[in-house]
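Each residue of the sequence shown is one higher than the last, beginning at 22 in the working numbering. Glycine included, every Cβ here is placed at the ideal spot set by N, Cα and C.
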Amino acid sequence: MRSEKGSAVYRARWIIPVAGPPIENGRLEVVDGCIASVQRASGPGGDALDLGDVAVLPGLVNAHTHLQLTFCRGRVPYRGSFTQWIRDLASPARQDLPGSPETAIEAGLRESLQAGVVAVADIGHGRAAAECWRRAPLAVIGFHEVLGIGPRARQDHERSFEAAARVCEKASSTPAPPTFGIGLSPHAPYSTDPAVYRQAIAFCRRTGRPICTHLAETSEEWQFLADATGPFRELLEEWGLWDGSFESPGCSPVSYAHRLGLLACRPLLAHVNYASDEDLDLLAGSGASVAYCPRTHRFFEHQPHRYAEMLRRGINVCIGTDSLASNETLSVLDELRFLRREDRHLSDEQLLTMATLAGAKALGLEDRIGSLSPGKRADFVVVPLDNPATREPLADVLTSTRVPSPAP
Ligand SMILES: [Zn+2]
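Here's what the structure looks like:
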């Protein structure tokens, strides 16, 4: 994160502020870590640091990841079944990782920063994770995970919820940067009893904390909520977590989230890969954000995501990498470049907005990051241009393989 004191002036061939059109021969003035002005340079550079033939962009926002799984890169291949992948992820054979969950978070934070990411929404658990988030060199909204299904283990749920609430309260009572926040993540409808969801929702509403969940990630989740059958039921039975007390709501995951009261909390919803027209109507009226994870979506071979329709309906769609157990890098720019190759619907500007302003909004940080606008943090990134003479610098950035670097 940038130094908070002093002033500096930068020049660049192009500045892409996101809040407005690209500026050729741009000049960016920074005072005490915040942007003072962004404009076209007039006259000689003076004391400005000339960054050369580059594009300057707002730092990118990763709206969904699990940095505790940073050491799992390439270790959990997809074998055609999501529940099998969960079994493989949880398998003891996978436990020979090169470090603790905390060193994994720290490694993931460093990798994120090097990829031009300035803010992450990270799901994890434990006091040590919260401490990593609080001390992070970039903005972090940490979501402490809670889960547990079936009332047979209700006491366990209660204890796990109380531990999560204590972690949130302790982290918030310790000095932290203004770009740090902590909330709860009830894991997913197939792993989290409605009572646990309601408890998490009530806690976050009472304390004004952010809330996040995995939702509508697979068609098997639809099946589980429709009639409590299918691969998730089998997995719960296999793990001794099924006692028959879960009452299937008989509706879609998004509709279920609505009934639970979750959509009224402006939640961050990871994936929403399977949504009906009625679901999109519910989301559009709710203020929820959807974190679409393009390369993880491909990894699991899902049906096409409806992000373009979501955007048309005014839903705040942002970009996540998900964890390195289902992705190759923690680079949000890699997500955008992948999407640029695959997407037939959106403009370059719409893609970049998802990875900057929309992500900042989903994390509640839109007053501080997400665009190069006066008053916001000067957390920008620099991408060398393949073709310095281009009139479309963003197209150049999205079609090149140049690696971004953080602001000098
Ligand atoms: Zn996830």
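Classification of residue i by the beta-carbon crowding that lies within 10 angstroms, buried from 16 upward
| i | result |
| --- | --- |
| L78 | buried |
| H366 | exposed |
| R358 | buried |
| S121 | exposed |
| G41 | exposed |
| L415 | buried |
| R362 | exposed |
| S133 | buried |
| L35 | First, the residue type needs correcting, since residue 35 is Trp and not Leu in the sequence shown. Buried is the call here. |
| V138 | buried |
| G169 | buried |
| E183 | exposed |
| W260 | exposed |
| V217 | buried |
| L419 | buried |
| T422 | exposed |
| V200 | In the sequence as displayed, the identity of residue 200 is Thr instead of Val. Buried is the call here. |
| S58 | exposed |
| H235 | buried |
| E242 | buried |
| A125 | buried |
| R398 | buried |
| D343 | buried |
| I56 | buried |
| N408 | exposed |
| E413 | exposed |
One or two residues paired with residue i in a DSSP bridge
| i | result |
| --- | --- |
| L81 | V138 |
| R287 | Looking at the DSSP assignment, R287 forms no beta bridge with any residue, so it has no partner. |
| D143 | T86, G163 |
| L49 | Y31, V59 |
| V188 | Answer is none; V188 lacks a bridge partner. |
| V311 | L290, V338 |
| L70 | Y31 |
| S426 | V403 |
| V75 | P405 |
| P36 | Residue 36 is actually Ile in this sequence, not Pro. Bridge partners of I36: I44, V77. |
| G169 | T213 |
Measuring from each Cβ to the nearest heavy atom of ligand 1, keep the ones under 7 Å and list them in chain order. Screening all residues for a C-beta within a distance smaller than 7 Å of any heavy atom in ligand 1 leaves H85, H87, I144, H235, A291, D343, S344, in chain order.
Report the residue ranges of all beta strand (DSSP E) runs contained in full by the stretch 386 to 414; include only those spanning at least 3 residues, in chain order. 401 to 405
Which ranges would you report for the alpha helix (DSSP H) in the stretch 314 to 392 if only whole runs of at least 4 residues count? 315 to 320, 328 to 333, 353 to 363, 369 to 376, 378 to 383
To test your reading of the DSSP string, which unbroken alpha helix (DSSP H) runs of 4 or more residues are found completely within the stretch 244 to 292? 252 to 259, 274 to 281
With three or more beta-carbon pairs closer than 8 Å as the criterion, would you say the stretch 304 to 315 touches the stretch 94 to 110? As far as the Cβ criterion goes, the stretch 304 to 315 does not touch the stretch 94 to 110, which means the pair count is below three.
For the stretch 381 to 400 against the stretch 319 to 339, are there 3 or more C-beta pairs whose distance is under 8 Å? yes
How about the stretch 269 to 276 and the stretch 323 to 338: do they share at least three Cβ pairs that are nearer than 8 Å? no
Under 8 Å, with one C-beta from each stretch per pair, do the stretch 174 to 183 and the stretch 148 to 164 reach the 3-pair mark? no
Which runs of the beta strand (DSSP E) at least 3 residues long sit entirely within the stretch 196 to 240? Give them in chain order. The qualifying runs are 201 to 207, 233 to 236.
Any contact of the stretch 299 to 308 with the stretch 65 to 72, i.e. 3+ C-beta pairs under 8 Å? Cβ pair count under 8 Å is below three, so no.
Below 8 Å, how does it come out for the stretch 244 to 259 and the stretch 207 to 216: are there three or more Cβ pairs, yes or no? yes
Inspect the CB distances between the stretch 199 to 209 and the stretch 162 to 173 and report whether three or more fall short of 8 Å. yes
Determine, using beta-carbon pairs with one atom in the stretch 184 to 193 and one in the stretch 239 to 250, whether at least three such pairs fall under 8 Å. no
Contact between the stretch 83 to 93 and the stretch 390 to 399: three or more CB pairs below 8 Å? no
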